[in-house]
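Going by the working numbering, 60 is the number at position 60 of the sequence shown; the sequence numbering is gapless.
We put the beta carbon where it would ideally sit given N, CA and C, even for glycine.
None of the values given here were measured: they were computed from a predicted structure.
What follows is a single structure, written as structure tokens, with notes after it.
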Amino acid sequence: MAAVLTSMRALFAPAPAFVIDTETPADIVAREALLDRAMGPDRRNKSSEKIRRGRIPAEGLALVARDVSGHVIGTVRLWNIEAGVSREGRAIDALLLGPLAVDSAQEGKGIGAALMRAALMEAKKRGHGAVLLVGDAPYYERFGFFAEKTQHLVMPGPFARDRFLALELVHGWLEGAAGMVVASGRMLSQPTGLRRAA
Ligand SMILES: CC(C)(COP(=O)(O)OP(=O)(O)OC[C@H]1O[C@@H](n2cnc3c(N)ncnc32)[C@H](O)[C@@H]1OP(=O)(O)O)[C@@H](O)C(=O)NCCC(=O)NCCS
């Protein structure tokens, strides 16, 4: 009887309106269009963009939210960086998160939060120690991001200090971190040279 009730409940439960998935090359056009709509043309002038330009995201850390038809309605990516150096002068590996965006028609349904949680869980699973970002503290504080751990770090360009936030996935990972954030991810592959026409 219990099994029958469980099956009946499953049958009538509302289907989830979105899923979180790994981004594929087929998602790139939709993702870029979504980012243009959500963040405007200035999005490419941000300091974070300097770190992302010409690089590929950290392994397994480019995620999308899809609606029931499979369309991209949300995006988040994380990037390999060095978050300054430790007191001993050792470069500190970390991740930079962003951009995060959700289709404006779909806001307030928990899609942004689902993307954040999935990305942070995957980052932790892959052994990363900390995630940095530049964004609205009132939004990101709910996921554990605060400005405290970035106070001796700088971005490579103008940034608002109260928007420069970090979350340690491993306790103490950013202890003593100071200096400039620099990109350390793999470069997009460059053309190997033009082939001469026959
Ligand atoms: C920010 C963004 C990703 C949130 O996505 P979402 O799917 O609507 O988020 P969720 O449904 O998980 O959370 C909604 C909650 O976040 C709050 N919120 C959304 N944006 C916020 C912001 N910038 N600052 C503070 N709170 C914010 C909402 O008021 C809502 O609060 P509630 O839970 O108390 O009702 C989305 O609004 C977006 O793409 N914005 C434009 C791009 C952008 O600014 N991205 C970077 C954020 S700094």
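*Buried or exposed: Val181, going by 16 or more other Cβ atoms within 10 Å of its Cβ?*
Locating residue 181 in the sequence shown gives position 181, counting from the first residue. Val181 comes out buried.
*Backbone CA spacing between Val29 and Val134 [nearest angstrom]*: On the sequence shown, residue 29 is found 29 positions in, with the first residue counted as 1. On the sequence shown, residue 134 is found 134 positions in, with the first residue counted as 1. The straight-line gap from Cα to Cα measures roughly 24 Å.
*Whole-angstrom C-beta distance between Gly129 and Ala101, which should lie under 8 Å*: Here residue 101 corresponds to residue number 101 of the sequence shown, with the count starting at 1. Here residue 129 corresponds to residue number 129 of the sequence shown, with the count starting at 1. 26 Å between Cβ atoms; not a contact.
*C-alpha distance - Ser69 paired with Ile51, whole-angstrom precision*: For the purposes of this step, residue 69 is taken as residue 69 along the sequence shown, with counting starting at 1. For the purposes of this step, residue 51 is taken as residue 51 along the sequence shown, with counting starting at 1. Those two C-alpha atoms are separated by around 33 Å.
*asked:* So if DSSP puts Ala94 in a beta bridge, which residue, or which two residues, is it bridged to?
replied: Position 94 of the sequence shown, counted from the start, is the residue given in the question as residue 94. Partner(s): Ile81.
*When you compare only the Cα positions, how much space is there between Glu32 and Gly176?*
Locating residue 32 in the sequence shown gives position 32, where the first residue counts as 1. Locating residue 176 in the sequence shown gives position 176, where the first residue counts as 1. Taking the straight line from one Cα to the other gives about 36 Å.
*Kindly indicate the opening and closing residues of the beta strand (DSSP E) around Leu63.*
Within the sequence shown, residue 63 is the residue found at index 63, counting from 1. From DSSP, the beta strand (DSSP E) with Leu63 extends over Ala62 to Asp67.
_Just verifying my parser: in three-state terms, what is the DSSP assignment at Glu168?_
Stepping through the sequence shown from its first residue, residue 168 is reached at position 168. Looking at Glu168 - three-state DSSP - the assignment turns out to be strand.
*Is Met155 helix, strand or coil when you go by DSSP?*
As a first step, residue 155 is located in the sequence shown; it is residue number 155 there, counting from the start. In the structure shown, Met155 sits in coil (DSSP, three-state: anything other than H, G, I, E or B).
*Just to confirm, does Leu255 get its C-beta within under 7 Å of one of the non-hydrogen atoms of ligand 1?*
Residue 255 is absent from the structure shown; the chain starts at 1 and stops at 198.
*With distances taken between CB atoms, is the gap from Ala62 to Ile81 smaller than 8 Å?*
Working through the sequence shown from its first residue, we reach residue 62 at position 62. Working through the sequence shown from its first residue, we reach residue 81 at position 81. Cβ distance not < 8 Å, so Ala62 and Ile81 don't count as in contact.
_Best match in Arg161, Val19 and Ser48 for proximity to Trp79 [C-alpha to C-alpha]_ = In the sequence shown, residue 79 corresponds to position 79, counting from 1. The candidate whose alpha carbon is nearest that of Trp79 is Ser48.
*Does DSSP classify Arg161 as helix, strand or coil?*
The residue given as residue 161 occupies position 161 in the sequence shown. Here Arg161 sits in helix by DSSP.
*Which partner residues of Arg55 appear in the DSSP bridge assignment?*
Start at 1 with the first residue of the sequence shown, and residue 55 comes out as number 55. Met187.
_Alpha carbon of Gly157 to alpha carbon of Gly110, nearest angstrom_ = Numbered from its first residue, the sequence shown carries residue 157 at position 157. Numbered from its first residue, the sequence shown carries residue 110 at position 110. Between Gly157 and Gly110, the C-alpha separation is close to 32 Å.
*If you draw a straight line from the C-alpha of Ala178 to the C-alpha of Arg186, how long is it?*
As a position in the sequence shown, residue 178 is number 178, starting the count at 1. As a position in the sequence shown, residue 186 is number 186, starting the count at 1. Spanning the two alpha carbons is a distance of roughly 23 Å.
*So which of Arg53, Trp173, Leu35 and Arg117 has the shortest CA-CA distance to Asp21?*
Residue numbering aside, residue 21 sits at position 21 when the sequence shown is read from its first letter. Check the Cα spacing between Asp21 and each of Arg53, Trp173, Leu35 and Arg117: the tightest is with Arg117.
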